[in-house]
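*Asks:*
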Amino acid sequence: MDELLAMDPPSGAAGLMDLEPAVWARVDALRARSGRRNARVVAVVVALGVGATNGGLMLASQPEPTEMQVFSVAANLGPLGGLDGVG
Numbered sequence: 132m133d134e135l136l137a138m139d140p141p142s143g144a145a146g147l148m149d150l151e152p153a154v155w156a157r158v159d160a161l162r163a164r165s166g167r168r169n170a171r172v173v174a175v176v177v178a179l180g181v182g183a184t185n186g187g188l189m190l191a192s193q194p195e196p197t198e199m200q201v202f203s204v205a206a207n208l209g210p211l212g213g214l215d216g217v218g
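Numbered by the working numbering, the letters in the sequence shown go through residues 132 to 218 in order.
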């Protein structure tokens, strides 16, 4: 290290004077990138949590069948229900 410090920088080279600011600039850039990555991970985890909670609540609160379900679209009892297979 002493030899490097004692050497004259070649012409056109930045030398060791700009080394520390360059290192800190790279450290700051890496911190900023890791902060964005952490924010993405947190957003994905929150979205998964909200989706799982909503899905669990939907499964837990399914309505009991009533006699009114014969009029639903899923019952396939409409006037054109028999024509679905005809094409």
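All C-beta atoms, glycine included, are put in the ideal place defined by N, C-alpha and C.
Work out the CA separation of residue 152 and residue 174 for me, nearest whole Å.
*Replies:* Approximately 33 Å, taken between the alpha carbons.
*Asks:* If we ignore side chains and look at the alpha-carbon of each, how far apart do residue 188 and residue 177 end up?
*Replies:* 16 Å
*Asks:* Which runs of the alpha helix (DSSP H) fall wholly inside the stretch 137-200 and span at least 4 residues, in chain order?
*Replies:* 150-191
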